[in-house]
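Asker: Heads up: the sequence shown is residues 129 to 269, going by the working numbering.
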Amino acid sequence: MAVAGAFVIARRQAVQEGEPFWSPPALRVTHALAPPLTAGLLFSLALMAFAPSDLRWPFVLANALFYGCAVHAAGFFMPRGMKLFGWLIIGFSGVLLVVRPGMVPGAGAFVDHAVMGAVFGLAHLAYGVYLYATEPRKTTA
């Protein structure tokens, strides 16, 4: 859903600017994002179909790994910070895959939601603060 929303926003911006939506850069980014996001979707569907409900945490963290790979791949067409952000997500997810089994055994959904919030929410907020602090501002005359 997030990818679809991003495409809708990008399409609207392209129409406003009078540019083609499927430009060569848009195609390159789409081709970079597609494999890891598709792998995450397939993993999610298989886990939902075949795994018991107490295995929520591998679902969350494996998808965070795939998401980090997608962000890193897209980062080859964007500023340096995107590749670093992808590595940050991959690193958080990898550490939590090792640490999570020992975190409050049997705690269930609360811990899983907290892990998801930490990996995705806090990391995105931190990256937003980083961008706000480092991106040059446009000056108006």
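Glycine is no exception: its CB is placed at the ideal position from the N, C-alpha and C atoms.
Of the residues Arg140, Leu212, Arg208 and Leu169, which one's Cα is nearest the Cα of Asn276?
Answerer: Residue 276 lies beyond the range of the chain shown here (129 to 269); nothing can be said about it.
Asker: Out of Pro186, Pro207 and Ile217, point me to the one whose CA is closest to Gly196's CA.
Answerer: Checked all of Pro186, Pro207 and Ile217; the closest Cα to Gly196 is Ile217.
Asker: Round the Cβ separation of Ala202 and Met210 to the nearest angstrom and send it over; I've been treating them as touching at under 8 Å.
Answerer: Confirmed, about 6 Å.
Asker: Check this for me: beta carbons of Ala138 and Ala162, under 8 Å apart or not?
Answerer: No. Outside cutoff.
Asker: Output yes or no for whether 8 Å exceeds the beta carbon distance between Val243 and Val188.
Answerer: Contact: yes.
Asker: Would Ala246 be called buried (16 or more neighbouring beta carbons within 10 Å of its own) or exposed?
Answerer: So Ala246 ends up on the exposed side.
Asker: Would you report the Cα separation of Phe205 and His159, rounded to the nearest angstrom?
Answerer: Distance between the alpha carbons of Phe205 and His159: 11 Å.
Asker: Could you check the C-alpha separation between Val157 and Phe135 for me, to the nearest Å?
Answerer: Approximately 11 Å, taken between the alpha carbons.
Asker: In three-state terms, what does DSSP make of Glu147?
Answerer: The answer is coil: DSSP assigns Glu147 none of H, G, I, E or B.
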